[in-house]
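Read the structure below first, then the notes.
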Amino acid sequence: MNSTDLANQHCVPRKGSEHALDAAQVRDLLAGLPGWSLASEGKAIVKDFRFEDFHRTLGFINAVGFMANRQDHHPDLEAGYGHCQVLWSTHDVGGLSLNDFICAAKVEALLAH
Ligand SMILES: C[C@H](O)[C@H](O)[C@H]1CNC2=NC(N)=NC(=O)C2=N1
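Convert by adding 15 to the 1-based position in the sequence shown; the result is the number in the numbering used here.
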C-alpha cells in the first residue's frame, strides 16, 4: 500500500496482539514511507522532522496533535528549536499496528506541498 492510500484511511480501535503486524507487513509498509525507520526493537516507527525555527516546529506539533486526536491515535513527540521526532506505536497491541502506518502517512500528507 502506498503512502497516499494509507493516508486516506482512518484509524480504528485495534486492541490485542492479533492486530500486531508481522515483519514482512512492516517491511512493505515502511518501504512506502521515506525517512521512517524502526525503533524500540521493532515495536515502533520513528522519523525526525526538521524545521527552520521554533514557530514552524510548533505549528507542525499542533497539526500532528490535531490529526492524532481526530484519529484517537497518539504519538510520542520529542521536540527542540528546529526539529520534532515523531514516534508511533500501538500501546493496545504492544507493537506496530496498521494505525501507526496510517498516522505516519497522515503526517507526511500534512507536509505535502
Ligand atoms: C480508547 C482509545 O482508543 C485508546 O486508548 C487509544 C488512544 N490512543 C492510542 N495511541 C496509541 N499510540 N496507541 C494506542 O494503543 C492508543 N489507544
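Glycine included, each C-beta is placed from N, C-alpha and C at the ideal position.
- The segment 38-50 and the segment 65-83 do not touch, with fewer than 3 CB-CB distances between them shorter than 8 Å.
- In the DSSP assignment, F64 falls outside any alpha helix (DSSP H) and lies within the beta strand (DSSP E) extending over 59-65.
- H98 is bridged by DSSP to R65, G95.
- When the beta-carbon positions are compared, G110 and A35 come within less than 8 Å of each other.
- Within the same chain, C26, M82, A83, Q86, H88, P90, W103 come within 8 Å of C118 by CB-CB distance, once the 5 residues on both sides are set aside.
- Taking the C-beta atoms as reference points, V61 is found no nearer than 8 Å to V122.
- Within 7 Å of the C-beta of H128 there is not a single heavy atom belonging to ligand 1.
- For A119, the secondary structure class from DSSP, reduced to helix, strand or coil, is helix.
- Linking A22 to A120 through their CA atoms gives a straight-line distance of about 5 Å.
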